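Structure, as structure tokens:
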Amino acid sequence: MYGKTGKGSVPSDGQAREKLALYVYEYLLHVGAQKSAQTFLSEIRWEKNITVGEPPGFLHSWWCVFWDLYCAAPDRREACEHSSEAKVFQDY
Amino acid sequence: MYGKTGKGSVPSDGQAREKLALYVYEYLLHVGAQKSAQTFLSEIRWEKNITVGEPPGFLHSWWCVFWDLYCAAPDRREACEHSSEAKVFQDY
Amino acid sequence: LSEYAPPPNPNADHLVAANPFDDNYSAISY
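Same order as they appear, the protein sequences are chains H, B and X.
Under our numbering, think of the first position of the first sequence as 126, with each following residue one higher.
Under our numbering, think of the first position of the second sequence as 126, with each following residue one higher.
Under our numbering, think of the first position of the third sequence as -16, with each following residue one higher.
Here is the structure:
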């Protein structure tokens, strides 16, 4: 599932790529890597106007939820820290 | 759960932030934003040697799956393109 | 850097951006 290399790409892949670039830019700004954020936009030749959301941003927020759930999986939870909510969610 | 702004952070957040930075660095390299990738490492003060995976990298692969599922959510699917698999997964 | 930045010195000298769903992930990532 996560190893797909774009084969059999789904309709939303094009939009997904653009959104990912947008949220990576937002992430770079919110972690404090301003120079990297600006360099990124120029290297990918991004011309559109960007309004970023509240810190920590969409990518960071979702990633932390994903990582918490990943760590709470039954075959990983002994080795990884995770929240009790994520454990309940996995067991549910 | 998804709008969390870091308050009530969960035990895995520290590791989640490290992993996200690693996969963002890999993503920047694979999209051709080499300068941004190097600038990012120096701005977050990571002087580590890093081995990256095969293109497009894990963040891109994970994001395309996530975005497809996000777009297939019942209250968003009318407005966003998504795959039929993601719709089945959501409805299940 | 903001509070959302990653820890400045990650706990491994050599970081591997491996797919965490790979079978031997835990072995290669630390």
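In this text, a Cβ means the ideal position worked out from N, Cα and C, and glycines have one as well.
Treat the numbers as computed from the prediction; the structure is a model and nothing was measured.
- Of the candidates A158(H), T164(H) and G157(H), the residue whose Cα lies closest to the Cα of V156(B) is T164(H).
- Exposed is the label assigned to F4(X), since fewer than 16 other Cβ atoms lie within 10 Å of its Cβ.
- Beyond the five residues adjoining it in sequence on each side, E206(B) comes within less than 7 Å, by CB distance, of C196 in the same chain, given in chain order.
- Looking at the DSSP output, I175(B) sits in a beta bridge with L(-2)(X).
- Close partners of P181(H) in chain X (Cβ separation under 9 Å): S(-15), E(-14) and Y(-13).
- Every unbroken stretch of the alpha helix (DSSP H) spanning 4 or more residues and falling wholly within the segment 157 to 208 of chain H is given here in chain order: 159 to 168 and 183 to 196.
- Look at L147(B) here: in three-state DSSP terms it is helix.
- Neighbours of H185(H) in chain X, taken as residues whose beta carbon is under 7 Å from its own, are Y(-13) in chain order.
- If the five residues before and after E203(B) are omitted, its C-beta is found closer than 7 Å to no C-beta atom of its own chain.
- Of all alpha-carbon atoms in V190(H), L166(H) and L147(H), the one lying nearest the alpha-carbon of T176(H) is that of L147(H).
- Excluding its 5 nearest sequence neighbours in each direction, L145(H) has no C-beta neighbour in its own chain below 7 Å.
- In this structure, the CA atom of D216(H) is about 12 Å from the CA atom of D200(H).
- Taken through DSSP and simplified to helix, strand or coil, D5(X) comes out as coil.
- For L147(H), the closest Cβ of chain B is not nearer than 9 Å.
- Within the model, the alpha-carbon separation for V149(B) versus L184(H) is close to 10 Å.
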